[in-house]
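What follows is a single structure, written as structure tokens, with notes after it.
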Amino acid sequence: MTYSAIKTEVHDRVGLIQINRPKALNALNTTVMQELSTALEDFDADPDIGAIVLTGDERAFAAGADIKEMAGASAVDMIKADRIAIWDRIRNIKVPVIAAVSGWCLGGGHELAMGCDMIVASETAIFGQPEINLGVIPGAGGTQRLTRAVGKALAMEMVLNNRNMSADEALRYGLVNRVAPVELYLENAIQLANEIAERAPLAIRFGKEAINNAFESFLADGIADERRSFYFLFSTEDQKEGMQAFEEKRPAEWKGI
Ligand code: DAK
-11 MTYSAIKTEV
-1 HDRVGLIQIN
9 RPKALNALNT
19 TVMQELSTAL
29 EDFDADPDIG
39 AIVLTGDERA
49 FAAGADIKEM
59 AGASAVDMIK
69 ADRIAIWDRI
79 RNIKVPVIAA
89 VSGWCLGGGH
99 ELAMGCDMIV
109 ASETAIFGQP
119 EINLGVIPGA
129 GGTQRLTRAV
139 GKALAMEMVL
149 NNRNMSADEA
159 LRYGLVNRVA
169 PVELYLENAI
179 QLANEIAERA
189 PLAIRFGKEA
199 INNAFESFLA
209 DGIADERRSF
219 YFLFSTEDQK
229 EGMQAFEEKR
239 PAEWKGI
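Following the numbering used here, the numbering of the sequence shown begins with -11 at its first residue and continues without gaps.
In structure tokens:
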């Protein structure tokens, strides 16, 4: 598959996707979003891929949705374009997706990173929701995910007053998993992704799903869902192999069945 606005590579069991519109600070136009969701789905369907890293470049992960593309749109145009459908496709990816973020991570770019399962940031990363400057609010889950991640106080300042967050602050608030020097953040994210990709695939899938449910559902629903997945995993060969390997003091060999 050839893409015009993203690049893809494979690093062992990790699929790497790089948003590639450097001149526009990787602003998310329709082409980026379509190619991105296709690439994510292709990697997700590939049994040799166990995790995905999504990145931009050192200057920007993504400076938001493409403002020039949206500027003249009416409410009806926005609804008819149904761009939210693409965000739903991204949300349904089964393997873990790690965002490797450097530089600007704003608006829809920040929502995209928060929609990933983990974030590895460079020391230069800047997170923000500047939509208020454009007379709108976040439209791809930002008000919900940001508030759950950093709490009401900071979310209010970020959404209502364009308050940006540094990488260190994001680490303190628990929005990102790790902060690394700019020369190392991508390597660090790929390494973390490869570690995860080596683990029992079904347990990884259900673990991701259950944690994301904690974010998106009521506690009782999330707990019931977690319990179902937990019981189900006892019907898999990987559970038998994992527990037997423990007893035999050897590394488990995962089959994903
Ligand atoms: N869109 C389009 N172009 C952008 C852009 C963006 N978001 N951000 C930057 N660029 C372009 C600039 O126009 C400039 O292009 P040229 O003028 O060279 O042609 C180039 O990238 C370099 O940018 P600057 O010259 O501005 O670079 P600076 O270093 O001076 O400033 C900056 C960097 C990040 C502070 C600045 O570029 C900036 O403020 N950018 C806009 C950030 C922003 O407001 N982002 C939020 C966009 S609104 C939806 C769901 C979600 C959304 C939409 C729909 N649906 C469910 C349908 C999300 C909305 C948003 O994200």
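All C-beta atoms, glycine included, are put in the ideal place defined by N, C-alpha and C.
Quick one: using the 10 Å Cβ neighbour count with 16 as the cut-off for buried, is residue i buried or exposed?
i	result
glutamate 99	buried
aspartate 105	buried
alanine 208	exposed
isoleucine 125	exposed
leucine 174	buried
alanine 33	exposed
leucine 163	buried
Select from the options the residue whose C-alpha is nearest the C-alpha of residue i.
i	options	result
arginine 71	Val83, Asn14 and Ser25	Ser25
glycine 44	Leu134, Ser110 and Val164	Ser110
alanine 59	Lys237, Asn17 and Gln6	Asn17
lysine 11	Phe49, Val167 and Phe31	Phe49
leucine 172	Ala143, Trp75, Ala113 and Ile78	Ala113
leucine 42	Lys68, Asp65 and Val83	Val83
phenylalanine 222	Asp65, Gly97, Gly244 and Thr(-4)	Gly244
isoleucine 67	Gly127, Thr(-4), Lys140 and Phe218	Gly127
asparagine 121	Gly95, Met102, Gly139 and Ala141	Gly95
arginine 77	Gly103, Glu145 and Ile(-6)	Gly103
proline 169	Asp30, Asp32 and Ala88	Ala88
Is residue i near ligand 1, going by C-beta to nearest heavy atom under 8 Å?
i	result
alanine 137	no
glutamate 99	yes
glycine 127	yes
arginine 71	yes
glutamate 46	no
isoleucine 78	no
glutamate 153	Sequence check: residue 153 is methionine here, not glutamate. No, since every heavy atom of ligand 1 falls outside the 8 Å radius drawn around the Cβ of methionine 153.
asparagine 149	no
asparagine 182	no
glycine 95	yes
isoleucine 55	yes
glutamate 29	no
asparagine 8	no
leucine 24	no
glycine 52	yes
Using a threshold of 9 Å, state whether the C-beta atoms of residue i and residue j are closer than that.
i	j	result
leucine 28	isoleucine 86	no
leucine 190	threonine 135	no
glutamate 214	asparagine 201	yes
glycine 129	arginine 151	no
alanine 137	tyrosine 161	yes
isoleucine 107	asparagine 165	yes
arginine 133	serine 90	no
tryptophan 92	alanine 51	yes
arginine 9	valine -2	no
isoleucine 74	glutamine 22	yes
alanine 188	glutamine 232	no
Assess contact between the region 155 to 175 and the region 185 to 194, defined as three or more Cβ pairs (one per stretch) separated by less than 8 Å. Is contact present? no
Within 8 Å, do at least three Cβ pairs link the region 177 to 185 to the region -3 to 11? yes
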